[in-house]
Amino acid sequence: MILLLLAALLFPASIAVAQPFVKVTGTGPHVDEETRSLSGSWADFDGDGDIDLMVGSIGMADLFRNDGGDFFTRVPGPPSDDTPNLANTMPIWGDYDNDGDLDVYRCVFTRDSLGGPTEPLPNQLFRNDGGTFTAVPTSNDSTYCPAASWVDYDGDGDLDLFAAGAIGSPDLMYRNDAGTFVREEGLALLGTGPGGVLPTWTDYDQDGDADLYMVNHGSPNEMWRNLLVESGEPGEFEVDTSSGLTSEGSVVDFAVSWGDYDNDGDLDAFLATLGADRLFRNDGAGQFTRIFGIPPVQTAVTSSCGAWGDYDNDGRLDLFVPHAPSSPRAPDLWHNDGGGNFSAADPMVVGEILDPLSGPQNAEWTDYDSDGDLDLYIVTWLASGGPGGQAVANLLYRNDATGNHWLHVGLVGTGSNRSAIGAVVRVKATIGGEPLWQTREVAGGPTAFEFQRELRTHFGLGDATVVDSIVVAWPSGTVSTLTGVAVDQSLEVVEESVASAPSVTQPRRHGLRSVHPNPFLESVSIGYALAEGSVAELAVYDVAGRLVRELPTHHSHGGEATSTWDGRDQAGAEAAAGVYLVRLTTEGTEFMRKVVRLEP
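Counted the way mature numbering (1 follows the signal peptide of the UniProt record, and there is no 0) counts, the sequence shown spans residues -18 to -1, 1 to 582.
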């Protein structure tokens, strides 16, 4: 009797407190209809403040409007044609015409009855005018496109389009010329290799422009460094073979997911692959170190993607990894314990999110019910069960966790593209008695395998009662800073219009090349180039024009060089947190870049 009483008192209570993830059913076709789904994207397409869902499947692409609670309604969206076995592999959202609503681009091609690709097709762009979608011609270029991405690669304030080509078809880059897309040819990064599957754009070297990391099947992955900042010329790229990432991909990689799991201010990379997954720590200056011996990289099961998200709002990014098994297998949810350590989430604690699944799976986090914690949607189909696979219902898991604080930060670009794709958001809060910086980047393409997360950024804040600082580094180079921000809210930050310095055409022979990391905590590396025999002065000033620190330059032989500012002034005292100007003066010409020092 005593044992039964203890069990009744203890076990139900522990279960009630735990298991925050609940499988949602009976609330709409997004979870009730059986489909062969391949891809998805979260986006507020109707601008009503909640996050809607688009799902790409074999034969259809469905747009589901978020009606509150767990309910989604299928609504008329971009039209799908009736091509048999049409594969909708990647819908991506971005405001390419800067009119305030999100437009969508879809990758399509046909597949045979066994699921293999049969015919390349032109991808599809639709302009959103208040919820009405109109087809926009880009070109009639046909390609096997598994995924695409919005990116402002040329830094002109509007979104360009990059579409990966697989199975020998070409990669496509379309430059946005005042709302008209012009195909760019001859760019170094445009390949026709056999296996380009996933293009992700991220400023991996933190120099202020968007770089391309291409995941390939059966050949090494490629890190294409954008030289826009260094050369001043849009469209110049070079392969970075020294980053530590480009030797990967010689087997079969499926996806890369970027996230600052160690809270050091730069984005690390998780590679889902055939066999043991891989995790790379970003050490700054474009260098990555492969991490061994921790749970996320010790499994030998084929993973289909990785999705970073702080599901328990403790201020550290966790990692959800679904697989592609032939028989039911539970996905992995790796809890970030801090200090670079992860542990497997206990199914008895997190609930139904770890139920076994079969077939390829693709997933991404979002807060669809606007309660401050991250929910998860999984698109899936069974590779077995007949020609072309078997249709099954997709899965939505609602997170009912309570206790920790949170913050959503949405961005509106003015000098940058309106969607703020490419912006980096940093948030500082005191969690567990320790100051902690978190970093997110707004992505215009796949953030898991063929799944785009929402453009709004999410931060878990633990027991913090106030957000000390929010720093937004916009693609334009503008930096916005907010302090003393309340927790538990969805915040919108609009890019400030600032007076810019007179425009100076930078000679390719000399000029400022890069300032990274920016913002920075302790020190910042300043790259520049000088012509042979030129004399230059390099210095840091405050926004009032007062000299803070003179820095050494190396000019006798010319070429590329780097100086480091350690965050101290001429007297050796620590410079205060704030905005500073780096100025290079040479041959009567001044080059200036803004840099932000964060408060430790």
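C-beta: ideal position from N, C-alpha, C; glycine also.
Per-residue burial, residue i [other beta carbons within 10 Å of its own, 16 or more giving buried]
i: residue 117; result: exposed
i: residue 343; result: buried
i: residue 143; result: buried
i: residue 5; result: exposed
i: residue 529; result: exposed
i: residue 560; result: exposed
i: residue 274; result: exposed
i: residue 451; result: buried
i: residue 568; result: buried
i: residue 120; result: buried
i: residue 507; result: buried
i: residue 552; result: exposed
i: residue 361; result: buried
i: residue 90; result: buried
i: residue 476; result: exposed
i: residue 591; result: Outside the shown range of the chain (-18 to 582) lies residue 591, about which nothing can therefore be said.
i: residue 106; result: buried
i: residue 182; result: buried
i: residue 60; result: buried
Cβ separation of residue i and residue j, assumed to be a contact under 8 Å, to the nearest whole Å
i: residue 257; j: residue 250; result: About 20 Å separates the two Cβ atoms, so there is no contact after all.
i: residue 83; j: residue 48; result: Actually they do not touch by this definition, with Cβ atoms about 15 Å apart.
i: residue 226; j: residue 252; result: Contact flag wrong, Cβ pair sits at about 14 Å.
i: residue 50; j: residue 37; result: With a Cβ gap of about 19 Å, residue 50 and residue 37 do not count as contacting.
i: residue 196; j: residue 146; result: 7 Å
i: residue 499; j: residue 188; result: 4 Å
i: residue 10; j: residue 55; result: 6 Å
i: residue 542; j: residue 511; result: 5 Å
Three-state secondary structure (DSSP) of residue i
i: residue 225; result: coil
i: residue 335; result: helix
i: residue 211; result: helix
i: residue 185; result: coil
i: residue 534; result: coil
i: residue 77; result: coil
i: residue 152; result: coil
i: residue 582; result: coil
i: residue 104; result: strand
i: residue 6; result: coil
i: residue 457; result: coil
i: residue 14; result: helix
i: residue 517; result: coil
i: residue 417; result: strand
i: residue 577; result: strand
i: residue 525; result: coil
i: residue 374; result: strand
i: residue 279; result: helix
i: residue 19; result: strand
i: residue 109; result: strand
i: residue 403; result: coil
i: residue 381; result: strand
Spatial neighbours of residue i in its chain, beta-carbon cut-off 8 Å, leaving aside the 5 residues before and after
i: residue 166; result: 155, 156, 157, 172, 217
Beta-carbon proximity list for residue i, same chain, < 6 Å, skipping 5 on both sides
i: residue 304; result: 286, 313, 343, 345
i: residue 373; result: 16, 17, 18
i: residue 424; result: 402, 403, 405, 437
i: residue 276; result: 324
i: residue 263; result: 250, 271, 273
i: residue 509; result: 495, 496, 544
i: residue 407; result: 391, 422, 439, 454
i: residue 7; result: 13
i: residue 212; result: 495
i: residue 161; result: 79
i: residue 377; result: 360
Cross-strand partners of residue i (DSSP beta bridge)
i: residue 24; result: 35
i: residue 45; result: 36, 57
i: residue 472; result: 390
i: residue 559; result: In DSSP, residue 559 forms no bridge with anything.
i: residue 316; result: 301, 326
i: residue 599; result: Because the chain in this structure spans residues -18 to 582, residue 599 falls outside the shown range and cannot be described.
i: residue 449; result: 467
i: residue 290; result: 301
i: residue 545; result: 508
i: residue 124; result: 104
i: residue 131; result: 144
Cβ neighbours of residue i in the same chain (closer than 7 Å, five flanking residues each side left out)
i: residue 319; result: 325
i: residue 112; result: 83
i: residue 358; result: 302, 335, 345, 347, 379
i: residue 207; result: 187, 193, 219, 220, 222
i: residue 459; result: 190, 576
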